[in-house]
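These notes are about the structure you will find just below.
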Amino acid sequence: MKIFNTMTGKKEDFIPLVQGKVGMYACGVTVYDYCHIGHARSAIVFDVIYRYFKYKGFDIKFIRNFTDIDDKIIKKAKEENISWDSVARKYIDEYYKDMDMLAIARADVEPKATDHIEEMIQIIKGLIEKGIAYEIAEGENKSVYFSVEKFPDYGRLSKKDLNELLSGARVDVDERKSNPLDFALWKASKEGEPWWDSPWGKGRPGWHIECTAMSIKHLGESIDIHGGGADLIFPHHENEIAQSEAYTNKPFARYWVHNGFITIDKEKMSKSLGNFFTIKEVLDKYDAEVVRLFMLSSHYRSPIEFSEEQLKETEASLERYYSTISRMDEFISQNAKKDKQAMKGSDLINWFNSIVDRFKERFEEAMDDDFNTAIATGNTFELLREINRFIDSKPEGQAAAGAIIRAKEALNLVGKVFHIFRRTPYEWNIDLLKVKKIPYSASQIQEKINERNSARKNKDWTLADNIRNELQEAGILLEDKREGTSWKVKV
RNA sequence: GGCGGCGUACCCAAGUGGCUAAGGGAGAGGUCUGCAAAACCUCGAUUCAGCGGUUCGAAUCCGCUCGCCGCCUCCA
């Protein structure tokens, strides 16, 4: 297995600290607002990485935290005139609603920063004792800063040179800090702000220290994988490394994994630019599976240009998947009971079986190569074409049905790791009726179909076509087949 | 200004030294069909931003140019 490591800028063989085990930490969200689809991407990427490690038989422990105390949360609380912790609670709830919709698995531990104040204080104390952190008085209380100059490796992850950072510094120059790049481990409480008791009086933790504390507590001093969005590389992850390694004298994380951004009109989606879509907005118009597949159809490190057009294309791809499954199911039910005498096309069946076997191998090859979900999705749609070709060649009998069953299992393998392809074609269409707000229920559609079928029996093509058109205008397509008429939602 | 990345068909997107440059969407033609849909078949980049170079051989490595983006400040 190869993983691209931000630290070295290269793909490296994945060698876990303890054989067969993986400790992985992903930086979660700051809970002060609804999540946007950039958060969704990060969540989906690490969800699939998590599921793939499990699929490969690793015993993985995955931690994803919540930053539940922070300037933005405090600001939001003031604006809405509610307490900071009710802001945090509200957006944690909303986060879970979004993630459940997107079928993101829960991490093994989902810790909150404010549940680890004591651990953070211990680490900060340790850093002060080592002379790497220092205190600054702020009235009755004190703040604590990390001295970047005391950590020689500072800048290694983000490939930044301390002097160059300084010369181009856009950071606030605080005269009391010994270096403008020094960052807060502990912030003295200002009037009206939430606070915790500490050796430095009333205050609250800085942003970066929480991840150090939670990572060490839940996974130990050294872990295998630490990740998050690429915008966390600097300063957040750089600072985490500095504090953690200065404190433990051990390597903090072996592999640094960062997902790329979502862009709108080629620009990074961000709150400040206002060019973002919330997860809720997108899920109001598109099925969650469409969003997952959309994210996975490009490599996790590439930027993804987000647009409705892209989502529609992905929706069409999924439609292709489900309509193929529908054909497969029909084929299986028609052939499963036929005896061996009825078998036709055994060479073809062998050929097809070998394609399916190769597909399974190629799936792992793709995923083993830095989680290349884009290749894997490409392969999946190639397999769909092979399946359709196989069915079109009209093989018959149990062996043919068996081959199709094996192909379905192969698709389920991808579905399991990507956590898509979870429904039956019928369920997919029922859900599409809802998401596309089509004013017909399944039973109403069936009534129309029955009505049309009697018209067809009487060769009343005008009435039959009128019914077809009526449904089509509502977004429903009818398919006449030998076995009868079925319907699906037009995408 | 410093550092990093990207530029592959109409659109999206893999491929990072060597079989015919995956796959999806859109388009054109065909088979099938009462009509349609689906599916399948065929067509579509002699070419990978441009220009040089290395090599028996490059979209893939090196250099330069052009264009775009990100980080350097909170950010998934």
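Heads up: take any position in the first sequence, counting from 1, add 3, and you land on this note's numbering. Every residue gets a Cβ at the ideal spot worked out from N, C-alpha and C, and that includes glycine.
Does DSSP put residue i in a helix, in a strand, or in coil?
i	result
C214	helix
H42	helix
G134	coil
P208	strand
T70	strand
T427	coil
W203	coil
S396	coil
G348	coil
M331	helix
F255	coil
E308	strand
F366	helix
D360	helix
Sorted by chain position, which residues of the same chain lie with C-beta nearer than 7 Å to residue i's C-beta, five sequence neighbours on each side aside?
i	result
W189	I127, S146, V147, S201, W203, G206, P208 and G209
N338	E399, G400, Q401, A403 and A404
S396	G348 and L351
S305	G263
V112	I66 and H221
Do residue i and the ligand FMN come close, with the Cβ less than 7 Å from some heavy atom?
i	result
D350	Among the components of this structure there are no ligands whatsoever, and the ligand FMN is therefore not found.
Is it the case that the Cβ atoms of residue i and residue j are separated by a distance below 8 Å?
i	j	result
A291	A110	no
H302	A369	no
S326	P428	yes
G26	G230	no
T281	F309	no
L235	C38	no
P114	H239	no
R471	R485	no
G478	K437	no
M4	D227	no
V294	A43	yes
E482	K491	yes
V151	D118	no
I63	F56	yes
G158	L168	yes
Once the 5 residues before and after residue i are set aside, which same chain residues still bring their CB inside 6 Å of it?
i	result
K288	none
M123	P208, I212 and A216
I394	R330 and F334
I423	E292, R295 and L296
D463	none
Since residue i and residue j are thought to touch, with beta carbons under 8 Å apart, how far apart are those beta carbons, to the nearest angstrom?
i	j	result
V51	V420	6 Å
Within the same chain, show all residues whose beta-carbon is closer than 8 Å to that of residue i, passing over the 5 residues directly before and after it, in chain order.
i	result
K274	D36 and H39
At least three beta-carbon pairs within less than 8 Å, the segment 89-109 to the segment 208-228: no
Segment contact flag, the segment 21-37 with the segment 79-98, C-beta cutoff 8 Å, min 3 pairs: yes
Three or more C-beta pairs below 8 Å linking the segment 62-80 and the segment 131-140: no
Segment contact flag, the segment 270-285 with the segment 248-258, C-beta cutoff 8 Å, min 3 pairs: no
Cβ pair count under 8 Å reaching 3, the segment 63-73 against the segment 381-390: no
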